[in-house]
């Protein structure tokens, strides 16, 4: 339950976790407007990686990883 | 839990985001969905049919309100376009970082 500081580390860890066990992984985001942050979390019920986004430029990267993950989730394999 | 189609889900989500702006938060969950709406059978019983294609289940929760939608593979591009639009318009409480470019200009002038 530790927050990953670096975006690249989170991106790699989250994607690897999903690829290792796609059936049991869930990806959540929690947006708190008055605190101005967006919490991302990827877990497979055993391990968990989290990232806290507070700056605007992170939003673009989050959009990208979200589309990627949804693309993987809704696929044939 | 209300299951909606993709377009209606985004509309409801926008309403939720507006309500959550004041002193509240909302959560989005994404997970893979294989189309089965029943539990995995016990050992010795016939296992569930393996799905041909997987879908993505999107859920949103705000206080006790919950909505969900299923995104099919062919709908992913349109849904993600709508969702990025939603993120841009509603998740606007993050800190803006000043561009280095404008600073350089300011020092010059």
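Chains as they are written, first to last, in this note's numbering: chain P, 1 to 77; chain B, 78 to 186.
From the three backbone atoms N, C-alpha and C, an ideal C-beta is built for every residue, glycine too.
These numbers were taken from a predicted model, which means no experiment stands behind them.
Paired residues, beta bridge with residue i - DSSP
i: residue 41 of chain P; result: P:28, P:50
i: residue 117 of chain B; result: Answer is none; residue 117 of chain B lacks a bridge partner.
i: residue 4 of chain P; result: P:51
i: residue 99 of chain B; result: Partner(s): none; residue 99 of chain B has no beta bridge.
i: residue 155 of chain B; result: Its beta-bridge partners do not exist; DSSP assigns none.
Nearest-angstrom Cα separation, counted from residue j out to residue i
i: residue 73 of chain P; j: residue 120 of chain B; result: 27 Å
i: residue 158 of chain B; j: residue 46 of chain P; result: 32 Å
i: residue 163 of chain B; j: residue 76 of chain P; result: 27 Å
i: residue 19 of chain P; j: residue 118 of chain B; result: 25 Å
i: residue 135 of chain B; j: residue 27 of chain P; result: 10 Å
i: residue 38 of chain P; j: residue 122 of chain B; result: 44 Å
i: residue 140 of chain B; j: residue 83 of chain B; result: 21 Å
i: residue 59 of chain P; j: residue 128 of chain B; result: 33 Å
Sub-8 Å separation of residue i and residue j beta-carbons
i: residue 2 of chain P; j: residue 133 of chain B; result: no
i: residue 108 of chain B; j: residue 25 of chain P; result: yes
i: residue 137 of chain B; j: residue 33 of chain P; result: no
i: residue 51 of chain P; j: residue 103 of chain B; result: no
i: residue 8 of chain P; j: residue 171 of chain B; result: no
i: residue 146 of chain B; j: residue 86 of chain B; result: yes
i: residue 174 of chain B; j: residue 57 of chain P; result: yes
Query raised in the report: Using 8 Å as the Cβ pair cut-off and three pairs as the minimum, do the segment 109-119 of chain B and the segment 56-64 of chain P touch?
Result: No: the two stretches stay apart, fewer than three of their Cβ pairs being nearer than 8 Å.
Requested in this report: Select from the segment 94-124 of chain B all residues with a C-beta closer than 9 Å to any C-beta belonging to chain P, and list them in chain order.
Outcome: Contact residues of the segment 94-124 of chain B toward chain P are 94, 97, 98, 99, 100, 101, 102, 103, 104, 105, 106, 107, 108, 109, 110, 111 (C-beta to C-beta distance below 9 Å).
**Report entry** Positions along the segment 55-70 of chain P whose CB lies within less than 8 Å of some CB in chain B
**Finding:** Under the 8 Å Cβ criterion, the segment 55-70 of chain P contributes 55, 56, 57, 58, 59, 62, 63, 66, 67, 69, 70.
Report task. Could you please tell me which residues of the segment 15-31 of chain P, in chain order, have their CB closer than 8 Å to any CB of chain B? Result -> So the close ones are 22, 23, 25, 26, 27, 28, 29, 30, 31.
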